[in-house]
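Take a look at the structure set out below.
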Amino acid sequence: MKRILYLICFFFLAFQLFTAFNQNQVSAEHGTHQFDELNQIGLFAHALEKNQAHVSSWSVYAREIQASEVTHKYFDSKAARLEKKFKDYTWKQLSPNEGAIGWEGTKKIQPENVRMSISYMAYPHGKHFQAVILYRVNGECFKQIQWSQIVKYMRTEMKQIFNGQEHIYTCVKAYHSAKMKLALIDEGMRYLKLFSATPVERLQEKTFVSISAYTKTWNNAIYTANKKMNIQAALRNDGDRTIIVLGSPIITVEY
């Protein structure tokens, strides 16, 4: 589990470094307009439920590169401050993995059964470290009344965790128990059409399809093959049901 956490954080670090320049370009194109990515969870859930799909989980990942050239002493000091600030989290030190070090705090919110975690990690960077922080929130069912309170709670915590440079990834996973009338590719396109999204890439197999697209409605975006994208739809046949995942700007959960 610890190794998986390090790999997840490393993936997001590499991904952000690779897309940083292009993301800055996208941000510049949209000026100072502020966009709240957390609202995408509600939009995805509503679209899925409107099409008779049952939401089985949702997730929010927020990640920020916080500092370069960090010493081990500074890292330990910052980790201690985080533990003190978020006392309602249960904290543990992660075992070093290929030079990477880290701390993780976790908690649950009842009765919604929402799982939250804060991971503060550092990776070898020359003679020092590159420090990053990851905030993860995972829930099961989606209820609008509860969601309004949860999203307010997350916004409060994120303001305390980040410096305003975080990248947010949202996903909603659902399943359709009835046999779908449309082919997977057509069903995926139908969902994207709800968000006025234009496809830019697709992967199609017999029992699986993934479509990357771009919608001008949102101003969060990354680049793929020199094209902007900010929404993904993935559908997979799973026995007598169909798994459907919607994510922005990319899907970050297993499907």
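According to mature numbering (1 follows the signal peptide of the UniProt record, and there is no 0), the stretch in the sequence shown is residues -22 to -1, 1 to 233, in order. The beta carbon of each residue, even a glycine, is placed where N, CA and C say it ideally should be. Only a predicted model underlies this, so the values are computations on that prediction, with no experimental measurement involved.
| task | Specify the secondary structure class of Lys151 as computed by DSSP and reduced to three states. | result | Position 173 of the sequence shown holds residue 151. Note: Lys151 maps to strand in three-state DSSP.
| request: State the CB to CB distance for the pair Ala191 and Ile209, rounded to an integer number of angstroms; the pair is presumed to be in contact (CB under 8 angstroms). | output: For the purposes of this step, residue 191 is identified with residue 213 of the sequence shown, where counting begins at 1. For the purposes of this step, residue 209 is identified with residue 231 of the sequence shown, where counting begins at 1. Indeed, because the Cβ distance is near 5 angstroms, the residues count as touching under 8 angstroms.
| message | On the DSSP bridge list, what partners appear for Tyr98? | response | Here residue 98 refers to the residue found at position 120 when the sequence shown is read from its first residue. DSSP output for Tyr98 lists Trp81, Ile111 as bridge partner(s).
| What do you reckon, are the CB atoms on Ala23 and Phe120 nearer than 8 angstroms? | Residue numbering aside, residue 23 sits at position 45 when the sequence shown is read from its first letter. Residue numbering aside, residue 120 sits at position 142 when the sequence shown is read from its first letter. Yes, these two residues count as a Cβ contact at 8 angstroms.
| message | If you follow the alpha helix (DSSP H) that Thr134 is in, where does it begin and where does it stop? | response | Here the question's residue 134 lines up with position 156 in the sequence shown. Where Thr134 is concerned, the enclosing alpha helix (DSSP H) stretches over 122 to 139.
| Can Tyr101 and Ala57 be called in contact, C-beta distance under 8 angstroms? | On the sequence shown, residue 101 is found 123 positions in, with the first residue counted as 1. On the sequence shown, residue 57 is found 79 positions in, with the first residue counted as 1. For Tyr101 and Ala57, no; Cβs fall outside 8 angstroms.
| request: Compute the Euclidean distance between the alpha carbons of Thr31 and Ile221, then round it to the nearest angstrom. | output: Locating residue 31 in the sequence shown gives position 53, counting from the first residue. Locating residue 221 in the sequence shown gives position 243, counting from the first residue. The residue asked about is misnamed: residue 31 is Ala in this sequence, not Thr. C-alpha separation (whole angstroms): 9 angstroms.
| Nearest-angstrom Cα distance between Ile189 and Met207? | Counted from its first residue, the sequence shown places residue 189 at position 211. Counted from its first residue, the sequence shown places residue 207 at position 229. Between Ile189 and Met207, the C-alpha separation is close to 10 angstroms.
| said: Only counting the same chain, and skipping five residues up and downstream in sequence, which positions put a Cβ closer than 6 angstroms to that of Val187? | reply: The residue given as residue 187 occupies position 209 in the sequence shown. The residues are Leu162, Ile163, Gly166, Leu213.
| Is Gln44 near the ligand ATP, judged by its Cβ being under 7 angstroms from some heavy atom? | Only the bare structure without any ligand can be found here, which leaves the ligand ATP out of the picture.
| Same chain, Cβ closer than 8 angstroms to Leu21, neighbours up to 5 away in sequence not counted | What you label residue 21 is simply residue 43 of the sequence shown in a count that begins at 1. Correct list, in chain order: Phe173.
| task | Could you tell me whether the Cβ atoms of residue 262 and Val33 are closer together than 8 angstroms? | result | The question about residue 262 has no answer here: the residues shown for the chain are numbered -22 through 233.
| Reference Ser226, options Arg114, Pro74, Asn198, closest by Cα | The residue you call residue 226 lines up with position 248 of the sequence shown. Answer by Cα proximity: Asn198.
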